[in-house]
Amino acid sequence: MTTIDTTKPTPGAETPPVDNYLTHSTGIMSWLGTLDHKRIGVMYLVSILTAFFLGGMFAMLLRLELMFPGEQILSQDQYNMAFTLHGVIMVFLVIIPSVPASLGNFVLPIMLGAKDVAFPRLNLFSYYLWVTGAVLAVSSIFFGGVDTGWTLYVPYSTSGTQMNGILLVTFAVFVLGFSSIFTGINFIVTIHRLRPPGMTWFRMPLFLWAIYATGILQVMATPVIGITVALLAVERLFGIGIFDPALGGDPVLFQHFFWFYSHPAVYIMILPGMGIISELISVHSHKHIFGYKFIAFSSVAIAIFSFIVWGHHMFLSGQSPLMNVVFSAITFSVAIPSAVKVFNWLATLYKGSISFNTPMLYALSFLVLFTISGLTGLHLGTLATDIHLHDTYFVVAHFHYTMMGGALIAMIGGIHHWWPKITGRMYSEFLGRIACGLIFIGFNLTFFTQFMLGSKGMPRRYHDYAGDNWNPTVTELFGKYHFWSSIGSFVMAAGFFLIAFYLLHSLFRGKKAPANPWGGRSLEWQCASPPPHDNFSEPPHVGDPYDFTVLEWDEQEQGYHWRHDLKHEPGEA
Amino acid sequence: MTTTASTTHDHPDFLAHHWDTPKQQFEAGKLGMWLFLATEVLLFGGLFVGYAVWRGNHPELFKFGSQYLDTTMGAINTVVLILSSLTMAWAVTCAQRGNRKGLIIGLLLTLAGAGGFLGIKYFEYSHKFNEGWFPGAYFYDKPSDRSHTWDDNLPVPGAGQLVVPVPDTEARSIEELGLPADILVELSTVVPPGQGPSGLEELALTDTVHTDDHAEHEMHALQREDRPANAHMFFNIYFMMTGLHGLHVLGGVGVMIWLLIGAVKGRFNEKYFTPVDLGGLYWHIVDLIWIFLFPLFYLI
Amino acid sequence: MASESSQHEGHPEVGHVVPVRILFVTGMGLLALTLLTVWAASFDFGNLNIWIALAIAVVKGTLVVMFFMHLLYDRPFHGIVFVSSLAFVALFISFALTDTFEYAGDLDPGDAPKVVEKLNVLGE
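Quick look at the structure:
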């Protein structure tokens, strides 16, 4: 780290190649019709962040409405539509595709040392499926809206008046499901068939293991939501009554169908996030990941376990007591692989040389928030306490800690981690840390109060509540908690706007990024920032992805490169 | 490898730039297709779950409903689909051996099989629609006059009945149940909760009453005395499953036509036949699903 | 290319060629099993009916997958993918069935309200 010969040009510090994937070809059509996984990843990233903004706006409306008792800005019907669309956008358009489709598409082939994903055309097709689904889902608000909640439970969805809205959303979910399936197929095949010589299964970065496990879930679970919404659409159109008790149908069966997909979908959301965290924690503490194989196999174990716990969403919906007990028991077993991951991350941090870069701050936030979400999951998995907490704000807070505190925080951390690689620019580290702090504080203020709301008995999806914000009685604390929850959400929103500001600013004014700003050892840090069109002209040098001893800091370059006293240069086979 | 001269040598036209060898590309296509087939299995799997749940809890629906399916037509369709699967497999073998003529003939025969299957399905469906055997509540609409089996003189069984949850097995009269007197309740149709799925005991009784099975079969499903509760549910599942399968056959027709165009143009040879192979896999899974649908609906 | 001539002999660069004879025998087997299952359905074995029909269907399905779909000669991983999809369906069926069996007794028997409504109109 100390002896650097600044006179001799170091291999990584050469002027970046003129041709990178951004400059390879120009014109709007070169983007819209591209088969390059990097460009598709960037298009996904932009689209998903747009959808995230939209979903966030609905969340803001909800928090404004609930800030004080009584009707504020939304009527009851508008409120129902707002929380439904917030859920549909955030779940189906943002979190499910978020990490695999955007960051995964960009990073996966490069991490693997491949030139592209296995089926580039399918990749582009799946992006346009996403766009179609997004247009359908969002347009539902112009056709009467949907007020069933994102779960589309029957009989709300079959007997309500929002015929067009329901049909649009079911069709959107169907299309988005296929988008997700094709992404999953693409990634599984890529990992199986496009690993270059030397890239063995256990030399893959853990992010790839997570994406692989996610792919299994996408392929095996998503078709079931396809057939579920297809049945729902037929039911809605023709009233055949498979799920309608008035026609002898079984609404509980709908929930079985729905959760057989939607529980694994929770892990489609969180597993890629966990993969990112494995990368961030190891890279930014400059220490070999602890328990590589345990983390890798726990991803697969979580994927398998997630298929046999769906009934814990249905404890109070008419499911039989026998299955309640069975599902509750299996649910607790999911804690094992999840805890394996958390403890291995903690062990990685132990005695590491931690750099508190912005991505690392998000990784540490993730550890806190994910642990809270996991531990509160135990209250909901326990049958007796779930009776009290079911459909209250406790559930809302729990899954926001998982989905947002877990999956989205990990994704934002990942965006900060790979931003220099994607754009070739560095963002303001100072503003990045402030934004992370705002989001962490705002998030906890927003959702921790909701745990308390829920345990006091505030039901979810209610437009109004009793309580006086300023003089709460002991039983009427709702107003106080709701008020602070809304304040927290504004703080969080400020954090997100700050991120948007400095990331956009960096595109134009940011410093040029070195090839390896953080000291990552996986293959994407061996090619230039931004990567050239073909990723690697020669098969890259594959090694242990977490062996950071081969790297050293270069002050001039403001990045890491291969140690001079070692024979191999990155890229030399 | 990276020089242009060797690229043209190593990379035939059909090989995309990110693959090293045709074998790698072929294997990837195969794996992708098998994963897609897995999603197809799960897509139909959802409907099989619906089937299992209804058949498990209400076997009487299936005993009753399957009488209205034509086993002969179903069997003929099975044979047609198996033969088309055979010709498809043969076409794949031809493609692998570079036998273009055989490939074209095989694809044409397969296409004919698919067309035949859809034709027979069309007759089956239109017959049911004519008789008024619709899914859902439409099942209980009075069928059009084109149906010869509807008898206006016969009562519609189940008319005037109302389902009332019975709080106590001992209470057997309206007064005891504490219901308003103007609610029409036919107590014989009310089976206390916990006494088995949906009045199975009763059905066993009504089944024994009818001896003239042939006359019953001729009668409209709705007017039969032994019509089980919610008989439309059988047709729901039947139309959903065979309908989704039919859509897949239709998709298969599209695939066949696309392959046929490629074969006529000479796109496929013994080195490059991946689309034919993958199209074949898809066609076989469609066949495979029908192999299960046939006994599950027609042979009860 | 020396290898070109050998490819014509049934050893292609990629994939496995299944001889037409094997395909034909498989197809005939499938037809025979179709006959068998129709014939078997004419007897009443009680509760065994569905299991017999399913067993024959499984044999037929195995034939299709093994020979028509080349799985016998293919990579084992493709078989794992396929079998695991079946396993997930089995899992789904068994859990859903267990649950519905358990709560079936709590359901109101008889025609559902909307059906009764329709029949009332029809009966008048």
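Protein chains in written order, with this note's numbering: chain W, 1 to 573; chain R, 1001 to 1300; chain A, 2001 to 2124.
We put the beta carbon where it would ideally sit given N, CA and C, even for glycine.
Against chain R, a Cβ distance below 8 Å from Ala265/W picks out nothing, because the smallest value is about 14 Å.
Of all residues in the segment 312-345 of chain W, the ones placed with a Cβ closer than 7 Å to any Cβ belonging to chain A are Gly318, Gln319, Ser320, Leu322 and Met323, in chain order. Each of Phe92/W, Pro545/W, Leu253/W and Arg203/W was checked against the Cα of Tyr153/W, and the nearest Cα belongs to Leu253/W. Between the segment 376-394 of chain W and the segment 353-360 of chain W there are fewer than three C-beta pairs closer than 8 Å, too few to call the two in contact. Judged by DSSP secondary structure, Tyr560/W falls within the beta strand (DSSP E) whose first and last residues are Gly559 to Trp562. No Cβ of chain R is located within less than 9 Å of the beta carbon of Phe2045/A. Thr392/W has Pro459/W as its beta-bridge partners, per DSSP. For Glu552/W, the three-state secondary structure derived from DSSP is strand. Cβ contact annotation for Pro264/W (same chain, cutoff 7 Å, sequence separation greater than five): Leu217, Ala221, Ser306 and Phe307, in chain order.
Interface criterion met: the Cβ of Leu2091/A is under 9 Å from a Cβ in chain W. Within the segment 1123-1144 of chain R, Pro1135, Gly1136 and Ala1137 place their CB atoms closer than 7 Å to a CB of chain W, listed in sequence order. Neighbours of Leu2023/A across chain R, judged by C-beta separation under 7 Å: Leu1086, Ala1089, Trp1090 and Thr1093. Asp2074/A and Tyr261/W have their C-alpha atoms spaced approximately 30 Å apart. DSSP places Tyr292/W in the uninterrupted alpha helix (DSSP H) bounded by Tyr292 to Phe305.
Sequence-distant Cβ neighbours of His24/W in its own chain, meaning closer than 7 Å and more than five residues away, are His533. Here Cys1094/R really is in contact with Leu1103/R; their C-beta atoms are around 4 Å apart, less than 8 Å.
When C-alpha distances from Leu2030/A are compared across Ile1237/R, Leu1083/R and Phe1036/R, the shortest belongs to Leu1083/R.
The shortest C-alpha to C-alpha distance from Phe207/W to any of Glu279/W, Ser180/W, Gly160/W and Ile242/W is the one to Glu279/W. Per DSSP, the continuous alpha helix (DSSP H) segment holding Arg39/W begins and ends at His37 to Leu66.
Within the segment 536-555 of chain W, no residue places its CB atom closer than 8 Å to a CB of chain A. Among the CB atoms of chain A, one or more fall inside 9 Å of the CB of Ile1300/R.
Following the DSSP letters along the chain, one finds Gln78/W inside the alpha helix (DSSP H) bounded by residues Gln76 to Val88.
Residues of chain W whose Cβ lies closer than 8 Å to the Cβ of Val1053/R are, in chain order, Asp250 and Leu253. Below 8 Å, too few C-beta pairs join the segment 2051-2063 of chain A and the segment 1119-1135 of chain R to call them touching: fewer than three. Judged by DSSP secondary structure, Tyr1125/R falls within the alpha helix (DSSP H) whose first and last residues are Arg1100 to Glu1131. The beta carbons of Asp147/W and Gly160/W sit about 7 Å from each other, so the pair counts as a contact at 8 Å. In the DSSP assignment, Lys512/W forms a beta bridge with Arg425/W. For Pro2076/A, the secondary structure class from DSSP, reduced to helix, strand or coil, is helix.
Remark: three or more beta-carbon pairs, one from each stretch, lie closer than 8 Å, so the segment 483-493 of chain W and the segment 445-456 of chain W are flagged as touching. As summarised for the segment 87-154 of chain W, the continuous alpha helix (DSSP H) elements at least 4 residues long and confined to that stretch are 105-112 and 120-139, given in chain order.
Closer than 9 Å to the CB of Glu1040/R there is at least one CB belonging to chain W.
Around Pro245/W, no beta-carbon contact reaches into chain R at under 7 Å, the shortest distance being about 11 Å.
In the structure shown, the three-state DSSP call for Val2017/A is coil. Between the alpha carbons of Leu232/W and Thr170/W lies a gap of roughly 7 Å. With the rule of 3 Cβ pairs closer than 8 Å, the segment 390-401 of chain W does not count as touching the segment 78-86 of chain W. The alpha-carbon separation between Leu61/W and Leu74/W amounts to approximately 8 Å.
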